[in-house]
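Right, one structure below, let's go through it.
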Amino acid sequence: MERLFLFAIGGTGARVVRSLTMMLASGIRPLGSDTQIIPIIIDHDASNGDKSRALNALESYSNIHSKLYNDAITTHASKFEDHFFMTNLTSLSTIDTHKPSCTTDFEWRFNVTGDKRTFAQEIGYSSMAGTSPMTLTHDLIESLYDDSPYNSADAELELDLHKGFKGNPNIGTVVFHNLRKDSRFIQFAKNFKAGDKVFIISSIFGGTGSAGFPAIVNAIREDASYPNLQNAQIGAAVVLPYFKLQPMNQTAIEHGDTGAIHAEAFNSKAKEALGAYKESMNQLVNSIYYIGQPDNDRQTYNYNEGSQFQENPANIVEFIAASAVLDFIVNQDGTHSDPTMLDHKPKNPKALEFASDKPRPGKSSLDLTCFDPSMHNLLLTHLSLFAAFARFYREVLKGDRREIAKGETFYLNFMLKDRLTKGVYADIDKFLCEKPRGEKFNNWGFYQWMDELSKELKLYNLRHSSADSKDDLRRIYAHKVIAVTGSNPMKDSEMISAINKETKNGPYTDADLLKAIRTVLNKKLSTI
Amino acid sequence: MFELFEWFPGMSDRINDSEFREYYYDFLVESGICGTVFLWAMIITFTTLIVFYLVGCNLSHRVANTFVWLGVLAATCLSVFTTTYTLVQGTDDENDPRGVYLSALDSDTGTLSRLKQDCENISSEQIDLISDTCNRYLAQFDNKEETLPIEMAIICTLYSFIVFVVLSFILRRFTIHGKGVPNLPFM
Chain W
46 MERLFLFAIG
56 GTGARVVRSL
66 TMMLASGIRP
76 LGSDTQIIPI
86 IIDHDASNGD
96 KSRALNALES
106 YSNIHSKLYN
116 DAITTHASKF
126 EDHFFMTNLT
136 SLSTIDTHKP
146 SCTTDFEWRF
156 NVTGDKRTFA
166 QEIGYSSMAG
176 TSPMTLTHDL
186 IESLYDDSPY
196 NSADAELELD
206 LHKGFKGNPN
216 IGTVVFHNLR
226 KDSRFIQFAK
236 NFKAGDKVFI
246 ISSIFGGTGS
256 AGFPAIVNAI
266 REDASYPNLQ
276 NAQIGAAVVL
286 PYFKLQPMNQ
296 TAIEHGDTGA
306 IHAEAFNSKA
316 KEALGAYKES
326 MNQLVNSIYY
336 IGQPDNDRQT
346 YNYNEGSQFQ
356 ENPANIVEFI
366 AASAVLDFIV
376 NQDGTHSDPT
386 MLDHKPKNPK
396 ALEFASDKPR
406 PGKSSLDLTC
416 FDPSMHNLLL
426 THLSLFAAFA
436 RFYREVLKGD
446 RREIAKGETF
456 YLNFMLKDRL
466 TKGVYADIDK
476 FLCEKPRGEK
486 FNNWGFYQWM
496 DELSKELKLY
506 NLRHSSADSK
516 DDLRRIYAHK
526 VIAVTGSNPM
536 KDSEMISAIN
546 KETKNGPYTD
556 ADLLKAIRTV
566 LNKKLSTI
Chain B
112 MFELFEWFPG
122 MSDRINDSEF
132 REYYYDFLVE
142 SGICGTVFLW
152 AMIITFTTLI
162 VFYLVGCNLS
172 HRVANTFVWL
182 GVLAATCLSV
192 FTTTYTLVQG
202 TDDENDPRGV
212 YLSALDSDTG
222 TLSRLKQDCE
232 NISSEQIDLI
242 SDTCNRYLAQ
252 FDNKEETLPI
262 EMAIICTLYS
272 FIVFVVLSFI
282 LRRFTIHGKG
292 VPNLPFM
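Rendered as structure tokens:
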């Protein structure tokens with residue numbers, strides 16, 4: 046079984062995990078049901094909106110995977126390949142062999158309790174003043190950190206850690222200094238086995254990510270207590286500046302923001318960090334993926350310093366960073382990662398970048414034609430299947446566009462009449478997040494995610510429009526209408542007929558139904 | 112196989128109480144017409160069922176729906192009705208004595224012939240009686256007062272309908288596209 050421990054640090058890390066979850070739902074080959082990914086989201090911002098959305102997506106995915114595959118795996122010990130939701134996303138607590146737990150807790154919670162906990166309290170600043178020789182340390186900290194009140198834009202010692210580090214890596218570095226003694230890290234280290242891998246996602250221009258990434262890498266490489274871990278194959282997606290912020294407005298002030306985040310400093314912070322990584326992280330990480338976006342192409346977001354108000358829309362840079370995780374695990378041509386180690390360091394560390402074609406003339410967003418075949422093999426082919434599945438599921442099975450005849454053979458065989466609003470199907474509805482007439486179950490699901498991306502990345506038409514025929518999915522791709530010569534492979538009746546044939550001999554589990562739909566879609570789309 | 116038909120109102124009376132009971136008895140009981148028409152009804156019904164389900168509903172999703180099923184059912188019933196009616200009514204060809212008309216005539220002339228052969232002393236009154244009976248029967252038939260063909264056609268159609276519906280629910284589970292055919296509102 047292949048296992049990947051995935052550390053997602055800060056808001057960027059959480060947003061990338063949300064993208065990754067959506068990608069894994071499409072069933073990435075060869076990440077079958079025997080591949081385990083253990084996400085660990087790290088963010089001091091206790092109520093961060095992006096973190097909440099990522100956690101919701103993970104839990105929803107995990108529920109669906111469990112309902113589709115866990116019983117089957119237990120009873121038949123079979124591996125699922127070419128299935129939606131097949132990769133096992135599981136929590137650290139669940140795989141803990143020393144203290145197993147069934148909780149789907151994907152978050153690394155810090156001891157930030159109570160209404161407020163300042164940086165000064167975190168490091169015991171006030172207790173240093175009267176204790177020799179700590180008075181020297183106290184004086185040093187006093188000189189290095191600003192002691193403005195908590196509601197000041199310059200607050201550092203009085204910064205409330207409940208809202209994260211507000212773009213201050215100088216605070217994050219200190220907070221993460223003793224990371225390897227944290228119970229969660231110990232839990233991770235004890236459960237790490239030879240052959241397992243680590244991947245870390247972080248931004249380089251924020252506070253949490255830029256501090257957390259080196260802290261975790263150093264904790265892994267420098268601790269000889271866990272030899273398997275010390276020689277672990279590590280990948281990392283380091284996200285360079287990719288968005289701008291509008292000036293702080295009245296709404297942000299009402300949310301308690303202080304103006305602490307300076308978007309104009311993102312580039313300079315990134316340059317500083319890159320200089321430091323060149324001699325450190327680049328030598329300690331087997332594969333490091335640098336992903337960013339030129340200034341002119343960056344989206345501008347509302348000013349938010351964190352907490353539940355920070356819900357940045359999904360971004361193409363996060364999409365690419367998530368694909369980096371897949372690239373690391375799959376390592377298609379064998380050149381993007383080398384596990385060979387020398388003195389607990391990678392013998393051949395690799396730094397990788399990503400490029401795509403520009404949007405086609407007359408278009409403002411990228412589409413499927415802008416990516417090379419390796420990206421299609423890795424991800425986009427499977428994502429296309431999932432997008433087509435989402436449309437067929439919603440528009441035909443659930444009846445958003447047309448009412449499927451209740452006497453259809455596969456409908457009867459799988460006993461869908463009373464089950465499409467319950468169990469795993471209710472979970473899939475939430476994961477897709479779309480209701481009829483464009484209403485939504487939530488703000489984090491698949492349709493919402495694709496909508497957010499569509500400004501820069503328009504891959505699919507996920508909704509039926511007046512330009513569509515009443516009974517087919519020929520307009521599933523954003524960049525073209527599927528041409529028809531002879532019979533129309535994307536016609537609803539053709540799909541239903543093919544599903545009947547695919548499922549005629551059973552078995553009739555929910556996993557088999559989704560597999561059948563995927564197989565049929567794969568045959569149809571691959572002939573186009 | 113007259114037992115399959117005698118439950119129909121008036122059918123038993125034909126062979127027991129009617130003026131032409133001998134003719135009806137010969138036709139309905141002795142000639143085997145009941146078995147013949149019932150067999151044809153079942154052949155038509157089974158054939159359309161097999162073609163619809165095992166061929167149509169396995170090869171074509173378009174065919175496998177309740178509307179087509181209703182159409183096939185209607186066509187089957189119509190086929191059975193017309194076939195039964197034709198068989199029972201028969202033709203005018205004296206060299207091919209089938210159907211109620213000529214079998215009755217044949218029965219009558221056969222009786223007459225046997226009487227002539229067996230009974231040297233058969234009286235002319237007896238011969239006239241038989242001939243009169245036959246002529247009255249033929250007149251009834253010519254005046255379209257004979258309803259036996261329609262009645263037997265109705266009975267066979269009813270049997271065909273019942274068998275078609277019952278076997279539909281059995282055969283449909285052996286199809287790729289027809290498991291839910293028919294799918295009627297009350298189901």
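Chain order of the listed sequences is W and B. Residues in the first sequence are numbered consecutively from 46, following the numbering used here. Residues in the second sequence are numbered consecutively from 112, following the numbering used here. The beta-carbon is built from N, C-alpha and C at its ideal position, and this holds for glycine as well. These numbers come from a predicted model, not from an experiment.
- DSSP, read as helix, strand or coil, puts residue 521(W) in coil.
- At a cut-off of 8 angstroms between beta-carbon atoms, residue 276(B) makes no contact with chain W.
- The contact set of residue 182(B) on chain W, defined by CB atoms closer than 8 angstroms, is empty, because the minimum CB distance reaches about 16 angstroms.
- Against residue 173(B), the close residues of chain W are 538, 542, in the order they occur along the chain (beta-carbon pairs closer than 9 angstroms).
- Flagged as an interface residue toward chain B: residue 454(W), by a C-beta distance shorter than 8 angstroms.
- Assignment of alpha helix (DSSP H) within the stretch 295-370 of chain W, counting only whole runs of 4 or more residues, yields 295-299, 311-324, 326-329 in chain order.
- A Cβ-Cβ distance of about 5 angstroms is found for the pair residue 78(W) and residue 131(W), placing them in contact under the 8 angstroms criterion.
- No beta strand (DSSP E) of 3 residues or more sits fully in the stretch 130-154 of chain B.
- Excluding its 5 nearest sequence neighbours in each direction, residue 469(W) has C-beta neighbours in its own chain below 7 angstroms: 109, 112, 113, 555, listed in chain order.
- Residue environment for residue 503(W): buried (at least 16 other C-beta atoms within 10 angstroms of its C-beta).
- For residue 457(W), the chain B residues whose Cβ falls inside 7 angstroms of its Cβ are 290, 291, in order along the chain.
- Around the beta carbon of residue 241(W), a 10 Å sphere encloses 16 or more other beta carbons of the protein chains shown; the residue is thus reported as buried.
- Among the residues facing chain B, residue 561(W) is not included, as its CB has no counterpart in that chain under 8 angstroms away.
- Interface flag for residue 533(W) against chain B is unset, since no Cβ pair is found closer than 8 angstroms.
- In this structure, 220(W) is the residue among 319(W), 220(W), 369(W), 524(W) with its C-alpha nearest to the C-alpha of residue 163(W).
- With contacts defined as CB atoms closer than 8 angstroms, residue 74(W) and residue 300(W) fail to qualify as a contacting pair.
- Proximity to residue 48(W) across 67(W), 68(W), 80(W) peaks at 80(W), based on C-alpha coordinates.
- Look at residue 418(W) here: in three-state DSSP terms it is helix.
- Ranking 165(W), 196(W), 198(W) by CA distance to the CA of residue 182(W) puts 165(W) first.
- Excluding sequence positions up to five before and after residue 425(W), its CB lies within less than 8 angstroms of the CB of 413, 416, 504, all in the same chain and listed in chain order.
- Per DSSP, residue 398(W) is one residue of the beta strand (DSSP E) stretching across 395-398.
- For residue 84(W), the uninterrupted beta strand (DSSP E) segment begins and ends at 80-87.
- At least 8 angstroms separates the beta-carbon of residue 364(W) from that of residue 507(W).
- A contact is defined here as three or more CB-CB pairs under 8 angstroms, and the stretch 360-375 of chain W meets this definition with respect to the stretch 243-254 of chain W.
- Apart from the 5 residues on each side of it in sequence, residue 571(W) has no Cβ closer than 6 angstroms to any other Cβ in its chain.
- Beta-bridge annotation (DSSP): residue 464(W) is not paired with any residue.
- Residue 409(W) and residue 231(W) have their C-alpha atoms roughly 47 angstroms apart.
- In the structure shown, residue 240(W) falls within a coil segment according to DSSP collapsed to helix, strand and coil.
- Using a Cβ distance threshold of 8 angstroms, residue 404(W) and residue 337(W) do not count as a contacting pair.
- Interface flag for residue 266(B) against chain W is unset, since no Cβ pair is found closer than 8 angstroms.
- At least one CB of chain B lies nearer than 8 angstroms to the CB of residue 549(W).
- Interface flag for residue 246(B) against chain W is unset, since no Cβ pair is found closer than 8 angstroms.
- The stretch 113-125 of chain B and the stretch 447-457 of chain W do not touch, with fewer than three beta-carbon pairs separated by less than 8 angstroms.
- Taking the Cα positions, residue 523(W) is about 48 angstroms away from residue 161(W).
- For residue 545(W), a Cβ of chain B is located within less than 8 angstroms of the residue's own Cβ.
- Look at residue 400(W): its C-beta is not under 8 angstroms from any C-beta on chain B.
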